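Trainee: For the sequence shown, the UniProt record's numbering begins at 1 and goes up steadily by one.
Note that the Cβ used here is the ideal one computed from N, Cα and C, for glycine as well.
Because the structure is a prediction, the values reported are computed rather than measured.
Input: one structure, supplied below.
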Amino acid sequence: PGGRVLIPQEAYVFSGTLGDNLRYLRPDPVGERELADAAEALGMSGLVARLGGFGTPLAPDTLSAGERQQIALARAYLSPAPVALLDEATCHLDPAAEARAERAFARRPGTTLIVIAHRAASARRADRVLVMDGPRTRCGDHRELLAVSPLYRDLTGAPGPRTPAHAPSHPPRSPRDPDRVDAVAGPGLPGDRRQVVAHGPVGKVQTPGDLPDGGALRGE
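So this is what it looks like as structure tokens:
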């Protein structure tokens, strides 16, 4: 149990000070400098200031879902666990705050980050993506999965692989055709964009993605 920390979608914040909440998973003392560094890494320094500092008693019912998630993320970030599992732990944050939190965990020394993704961008950030569809699984990076997994392409909204153009059923027109119609190549399809997996009833991404290495991330 001490080797991993789970941050669920519904974040728990208990009564007590903000500092008490953040130190909860640490067996050793944590000073305010380390608390401030964690808050800065996760992009929650503004929240700390609004709440009045780390010594401020919290009223959990007055916090928004996003604020509770930020506090839970910082608590996990300060824990000694080398494996962090984010189970839709950023779903109430905006995309920029989500990206900052995931990158902070990815850059934390000695950390393996696994993300169960709810946004495509989480899987884009992952080194490895695991797509599960009933008994079938696919594992690879984003480009590999686009090439081999129809489900992954469907979940990401990516187009299918290009198919070679078929030869015409009639001879091509001569450049000097009386109709004066020149044969020209049709425009190519736009290149695949690096998008990723959102979870759903038919498939989930565990790094995503939403993780994003069975979902492990490294710093970008």
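Going by C-alpha distance, which of D37, P159 and G66 is nearest A97?
Mentor: Distances from the alpha-carbon of A97 to those of D37, P159 and G66 put G66 closest.
Trainee: Within this structure, are the beta carbons of T17 and L58 separated by less than 8 Å?
Mentor: yes
Trainee: Between the C-alpha atoms of M132 and G53, what's the straight-line distance to the nearest angstrom?
Mentor: 43 Å
Trainee: Excluding five sequence neighbours on each side, which residues of the same chain lie with their C-beta closer than 7 Å to the C-beta of P190?
Mentor: In this prediction, P190 scores a pLDDT of 42, lower than 50, which makes its location untrustworthy; the coordinate-derived value is nonetheless stated afterwards. For P190, where only same-chain residues beyond five positions count, there are no Cβ hits under 7 Å.
Trainee: Write down every uninterrupted run of the beta strand (DSSP E) in the segment 72-157 whose length is 3 residues or greater and which is fully enclosed by it, in chain order.
Mentor: The beta strand (DSSP E) runs of length 3 or more contained entirely in the segment 72-157 are, from start to end of the chain, 83-87, 112-116, 129-133 and 136-140.
Trainee: Name, in chain order, the residues that DSSP records as bridge partners for A4.
Mentor: The amino acid occupying residue 4 in the given sequence is Arg; Ala does not appear at that position. R4 pairs with V83.
Trainee: For V181, does the three-state DSSP call read helix, strand or coil?
Mentor: The predicted position of V181 is uncertain, since its pLDDT is 38 and thus under 50; a value taken from the coordinates is nonetheless stated next. DSSP places V181 in coil when its eight states are reduced to three.
Trainee: Do you know whose CA, among P135, P8, R138 and R143, lies nearest Q70's CA?
Mentor: Closest option to Q70, Cα to Cα, is P8.
Trainee: In the DSSP assignment, find the alpha helix (DSSP H) that holds E32 and state where it starts and stops.
Mentor: E32 to A41
Trainee: For the segment 142-150 against the segment 101-120, are there 3 or more C-beta pairs whose distance is under 8 Å?
Mentor: no
Trainee: How many angstroms separate the CA atom of S79 from the CA atom of A49?
Mentor: 22 Å
Trainee: What is the DSSP secondary structure of P60, reduced to helix, strand or coil?
Mentor: For P60, the three-state secondary structure derived from DSSP is helix.
Trainee: Could you tell me which of S15, L86 and D37 sits nearest to V5, measuring between CA atoms?
Mentor: Comparing Cα positions, the closest option is L86.
Trainee: Would Y12 be called buried (16 or more neighbouring beta carbons within 10 Å of its own) or exposed?
Mentor: exposed
Trainee: Give the secondary structure of S174 by DSSP, where H, G and I count as helix, E and B as strand, and everything else as coil.
Mentor: Bear in mind that the predicted position of S174 carries a pLDDT of just 47, short of 50, making it too unreliable to give a figure here.
Trainee: By the three-class DSSP mapping on this structure, what secondary structure does G66 have?
Mentor: Of the three classes helix, strand and coil, the one that applies to G66 here is helix, per DSSP.
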